[in-house]
Structures are given as structure tokens and as C-alpha cells.
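Data first, discussion second: the structure below is written as C-alpha cells.
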Amino acid sequence: MADLPILLLNSFSYILVLILVAMGLVIIFGLMGVINMAHGEFFLLGAYTVVMTDSLGIGFWPGLILAPIIVGLVGLALEYFCIRFLYDRVLDTILATWGVSIAIKQLIIIFFGPAGLMVNPPLPQLVNMGLIEYPAYRLFIMLASLSVIGFTFFIFLKTDMGLAARAVIANRNMAASLGINTRQIYRNTFTFGSALAGLAGAIMAPLMSCDPQMGLGFFIPAFLAILVGGTGSLSGILAGGMVVGGSDSIISYLFSPVSSQIVVFTLAVIVIRIKPQGILGTKRNE
Amino acid sequence: MNKFAFISPNGRVNIIRIFVLIALGCFPLLQDAYLLSQLTVFLVYGLFAMSLSLIWGYGGILCFGHAVFFGIGAYIMALTTKGMIPGMTGIFTSTLFALLLSIAGTALFASILGYFLFSGRLSGPYFGIVTLAVAVVAERIATKWDYIGGFNGLTNIPAFSIGGYEVLDPLVLFYVILGICLILYLISDRIVNAPFGTILSAVRDNEDRVEFFGYNIANLKILIFSISAGIAGLAGALFAVAAEFVSPTILGFSLSTEVLIWVALGGREILLAAFLGAISVRTIEALLSDILGYYWILGLGVLFILCVMFFPRGLFGQLLSNKPRN
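So the sequences go chain by chain: Z and U. In this text, residue positions in the first sequence follow my numbering: the first is 1, and each later residue adds one. In this text, residue positions in the second sequence follow my numbering: the first is 1001, and each later residue adds one.
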């Protein structure tokens, strides 16, 4: 039964990356009320940054550092040129970012072509873990995701910036009248959330074939994780990510990826029906 | 605007309505068989866009996966008329019965989905993205399901037939579909101008207030969602007949995106604007996509962003609105 630990470890690394993607979405949504439909495409941009550095011969690691920077800048530009004009029409931001996602995906197709591209494995060796041998790169993924997730929690819970951000989440107008520059916080949050998606994309790139449609494959589960976990708090994301990511990877191992999509989706819809506030039952912030 | 001051806004809208009908009706005079078959399919897309406008523009329900209903309608049509549904033979494979089954099937599916989502008080962006997930999952299922043709879909769909008479002439098919579009337009227009439509617009503008008046929001939304899905299903069924094939691509992500763009560009708050949006975007696409290739979709995406930012009422929306500019 050497398969079981591998399966568990694999699903754990998938869960962590999913949480990374979902966290970027949820902090943008929690703060600004904006659902960034281009989040999956930010993930895509992160992955293609690595594809680019890899094919230029600089290798994977510089790409991993570049990806969050580049995608963060793209996020900043999007906020500056588009989102900030739509703050009084929040529902329209979902459409505008949807248009952005179409445009980014198409730009990737124009520059890199529609076919899947591979990245050379950055850490090809296996690590002996007693019972099993496990790819070193997947261990790196877990370590990196865990530290970024921890870092985000630290910023939000322990720093002044995080305190101001949480104040904006709790009551936007009150925070603004207390002298918190909400626009500045929106911009920082949008950039940070985008950078998280870029980082997640870069981390996942060596594990999968990178094609222009891959963003959606992470956006939808990440969003379902948010729905299942509830949007009220950051910790809801951890629970939602575990439920969605865990059941997704286990069912696709046991049966097939298609059946896992159906099951995960049905599960999410039922959870929405029974516990609209998410499984942790925190109040939805609308 | 001032130039037309002697015509009331309602009069102007009626003139445009009649003009559109005459322009479409006279189109076959061009005697171009290829263009005619294209326009027949575009009419179907127009009907589909109108069904999205009904829930999005009037009901305020953003649906990112509307193609799911179009696709289900198309598949029901194809499977029924090809006699592939077990136990259904003879009269049950007729076009008319298949059309009714497509409408009923999609409306039923939408009401079940709507029951789960709307009763869970899912609204706004949440609802949109869940429907997007439905479309993606549906496309995957259709691709893997060999009985309904898998990745390649179904071809050789029997021609449209009314009481034993087969419509093989593309010209007649064009007028049949134009007639169906006209009837559905009149019905939808009636719905949005009836008291029910007023309540619907009120739900769009302020859900809580309508609820305080004692209306059941979830039921209202389920009802309009099912009506819209039924029309989308009918459009899908007509597509199966007009295009003579169905494939998983009409069920999923890309068509859902396209219809959203058509409706946003045309004008989501006016049924006719959405209809014209679909027809004009498809016509321009037919003319330009060969030249522009991949850049066409890029341009469409950018146009969509600009339209959302600067013309939220759409390109035809302002022209066809009988309300003053605000």
C-alpha cells in the first residue's frame, strides 16, 4: 500500500496551491467586493513567465521570483486603468475583468501558440521518506505554499497594514472616515492578490503542461472553495480548499477527472443550499 | 436626439422594430445561398441572446453559463429527432414534439438548478460563477459521453418538418425561424411589460424592498430563470436543425462567453438590442475573422471591456430605449 501516502501527499500539495489561488481571490473580494474574473489568467501569466525564462535558458528559479513581480504589476495596471473607475458599479467589475481574462488568454495564444508547453523539471530528484520515495519538487511546493500562506496570515493578523485592511473589510465607510486611505489599500490588495495568483501559476508550471486554458481549471475550483468555506474570514478558505481540493484529487485518482469535477461541483452546490454561509458558518460579507 | 423630437420615444422604438423586421425579411432578395444559411444561424443566436437579456437585463441575474441551456436544447432536439432516446418512436420523433421536449427539458433543468442556487440565496457574482462551473462541467460530460457522440458530437440531424412536410428549402427554413424569433420576441416583450416584468425589474434594482412587499424572491427568480432557459433551449433546438450538427462546444464555456459579449455590446436592458447585438457581432465576425485570425477575439475582449466601462447600456441600447438618457 505504498500508493496511499503518495496520494495523500499529492492531494495535500494540490490543496495548498488551490488555497494560494483562492486566497488571492478572497482578499480582493473581501476588501473591494470585486470578483476578479481574470484571476485564473493571472495564474496563467505566472505559469507562462516560467515557461519563458525556462525557454530563454535562465531556468526555472528566476522565473519563480519574476512571476509574482510581473503579475503583480499587471494587477496594478489593471486596477489603475480599469477597476478604479468602476468602484461605484461593483457588479460591472466582474464583466470588465472577464473581458481582461479573454484578452490575456488571447495574447498568450498569439505569443506562445495554443498548444501545451512543458517546463524542465527544476528538482528532478526523489527524496527517500522511509516508506516511500517522493519527488523533491512536490515537497518544495508544500514548503513554499505553506510559508506564503503563513506570511499572508501574518500580514493580515499581525501588522498595521493588515489591521487597516481588516478595518476596511469590517466597515468601509467607517474606516475611511477614520482616516484610512481606502483607495491605497484597494490598490495594494489588488496587486498583492494578483501576485499570489502569479506565484501559484509559477509553482504549478513544472507539474503540468501549460496551455492557455489552464487558468480556468484553477479559477473554478478556487471559487468553489471560497463558496464552500465562506467568504467572511481567511480561515474559511483553508477549510474550503481542503474540502474541494481534497475530494477533487482523491476522486480523480479513484475514478476519473471528469467524475471528480461532477462530484465536487454537486457537492459545492449542495453545501451552498444547506449552509449558504459556508461550512464554517461565518457570516457572508456582502 | 433633438432631430427626432417630433417623434415620441415609443414611436421611434416602434419604427426601428418595424425597420429591423423588414430588413431581415427582405434579406433573401440578395439571392446569396451561403449568406442566407449563415443569417439563419445568426437569427438563432439572436434568439439565444434575447433569452440572456431577459434574465440579465431585466432580472439582474448574471449568468456566465447560459450556453448550457442552448446546448441541452440542441442535444435533446438531435437525440429525439434521430430516434436515439429509448422508447420514443413514431410521433415522438417529430420536429414539433422534439421542440416542445427541448423547451420543457431545459426549463426543468433550469428550475432544479435555480431551486438549489436561488433558495441558497446565491446572488450576483456568486451565481454567475456557479453557472460558469455548470457550463464547464457540462462540456466535459458531453465530451466524454460516447452515446451522444462524444467529442465529435452528432451529425445528420433530420430536417425541420411540419406535419409530414419537410422544410428542405433554406429560404423556407429562414422564414420559419424568423417567424419563431418574432413570436418569441413578442412573448418576451409581453412578459417584461406585464406586471410580472415590473416586479422583476424591481428585484433587479432592490431585492430587499421587493421582499418587504411580500414577494418570494427565490420563486420569482426561479420562474424567470426557467423561462429564459426554455427560450435558450428552443434556440438550441433550432440551431441543431439549422446547422445540422451539435457538438460539445455549443454547450460550454466559449459560447457562454460569446453570448455574454453579444448581449453586453448590443445592450442588455433591451431585448431587441441584445438580438441585434448577436446578429451584428456574428456578421462582423464572419466578414473579418479570416483576416484578423487570433486578433479578432483579442479585439472583441478589449471592445467588451470598453463597452462595460463607458457604454454600460450597450451600442443599440440607448437607441432603442424609450426612457430618457440619464
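All C-beta atoms in this analysis are idealised placements derived from N, C-alpha and C, irrespective of residue type, glycine included. Please read all numbers here as calculations on a predicted model, not as lab measurements.
- Ile270 (chain Z) sits in a helix when the DSSP states are folded into three classes.
- Beta-carbon to beta-carbon, Gly1301 (chain U) and Gly99 (chain Z) are separated by about 5 Å, close enough to satisfy the 8 Å threshold.
- The beta carbon of Cys1063 (chain U) sits closer than 7 Å to the beta carbons of Leu1052, Ile1055, Trp1056, Gly1128 and Thr1131 from its chain, once the five residues preceding and following it are set aside; these are given in chain order.
- Annotated three-state conformation of Cys1063 (chain U) is coil, per DSSP.
- Between the stretch 1151-1168 of chain U and the stretch 1078-1090 of chain U, the count of Cβ pairs shorter than 8 Å is three or higher; the stretches touch.
- Distance from the Cα of Leu1021 (chain U) is smallest, within the candidate group U:Tyr1175, U:Leu1220 and U:Thr1155, for U:Tyr1175.
- Scanning the stretch 1192-1275 of chain U for uninterrupted alpha helix (DSSP H) segments of 4 residues or longer gives 1195-1205, 1207-1212, 1217-1243 and 1253-1266, listed from N- to C-terminal end.
- Spatial neighbours of Leu1272 (chain U) in its own chain (CB-CB distance under 6 Å, excluding positions within 5 residues in sequence) are listed in chain order as Leu1320.
- The C-beta of Leu224 (chain Z) comes closer than 8 Å to at least one C-beta of chain U.
- Restricting attention to beta strand (DSSP E) runs no shorter than 3 residues, the stretch 97-138 of chain Z encloses them at 126-128 and 133-135, ordered along the chain.
- Counting other Cβ atoms within 10 Å of its Cβ, Asn1010 (chain U) stays below 16 and is therefore classed as exposed.
- Per the C-alpha coordinates, the member of Z:Ala167, Z:Ile237 and Z:Leu78 positioned closest to Met1309 (chain U) is Z:Leu78.
- Taking 8 Å as the cut-off, the beta carbon of Gly236 (chain Z) is found no closer than this to the beta carbon of Ile28 (chain Z).
- Within the stretch 1071-1155 of chain U, the alpha helix (DSSP H) runs of at least 4 residues that lie entirely inside it are, in chain order, 1095-1119 and 1124-1144.
- For Tyr87 (chain Z), the secondary structure class from DSSP, reduced to helix, strand or coil, is coil.
- Taking 8 Å as the CB threshold, Asp92 (chain Z) lines the interface with chain U.
- The C-beta separation of Ala195 (chain Z) from Gly75 (chain Z) comes to about 7 Å, placing the pair in contact by the 8 Å criterion.
- Non-local beta-carbon contacts of Thr1095 (chain U) in its own chain, meaning distances under 6 Å to residues more than five positions away in sequence, involve Phe1160 and Ser1161 in chain order.
- Along the stretch 149-229 of chain Z, the beta strand (DSSP E) does not occur as any fully enclosed run of 3 or more residues.
- Taking 9 Å as the cut-off between beta carbons, the residues of the stretch 1110-1121 of chain U near chain Z are Leu1113, Tyr1115, Phe1116, Leu1117, Ser1119, Gly1120 and Arg1121, in sequence order.
- Using a CB distance below 7 Å, the part of the stretch 249-265 of chain Z facing chain U consists of Val258, Gln261, Ile262 and Phe265, ordered along the chain.
- At least one CB atom of chain Z sits nearer than 8 Å to the CB of Gly1124 (chain U).
- At least one CB atom of chain U sits nearer than 8 Å to the CB of Leu227 (chain Z).
- With a cutoff of 8 Å on beta-carbon distance, Gly240 (chain Z) and Gly229 (chain Z) are scored as near each other.
- Per DSSP, Val244 (chain Z) is one residue of the alpha helix (DSSP H) stretching across Leu234 to Leu254.
- Glu1166 (chain U) has U:Ser1161 as its beta-bridge partners, per DSSP.
- Under the 10 Å beta carbon count, Asp248 (chain Z) is surrounded by 16 or more other beta carbons and is classified as buried.
- Note on Asn36 (chain Z): 16 or more other CB atoms within 10 angstroms of its CB, so buried under the neighbour-count rule.
- Judged by DSSP in its simplified three-state form, Val34 (chain Z) adopts coil rather than helix or strand.
- In terms of beta-carbon proximity, Leu216 (chain Z) lines the interface with chain U, with at least one pair separated by less than 8 Å.
- The criterion of a C-beta distance shorter than 8 Å is satisfied by Thr189 (chain Z) and Ala165 (chain Z).
- The beta-carbon of Phe1304 (chain U) is placed less than 8 Å from the nearest beta-carbon of chain Z.
- Residue environment for Pro1086 (chain U): exposed (fewer than 16 other C-beta atoms within 10 angstroms of its C-beta).
- Chain-order list of chain U residues neighbouring Leu107 (chain Z): Leu1298, by C-beta distance under 7 Å.
- Scanning its chain for C-beta atoms nearer than 8 Å, with the 5 sequence neighbours on each side dropped, one finds around Ala167 (chain Z) the residues Met174, Ala175, Leu178 and Ile180, in chain order.
- Rounded to whole angstroms, Phe1239 (chain U) and Ala67 (chain Z) show a C-alpha spacing of 43 Å.
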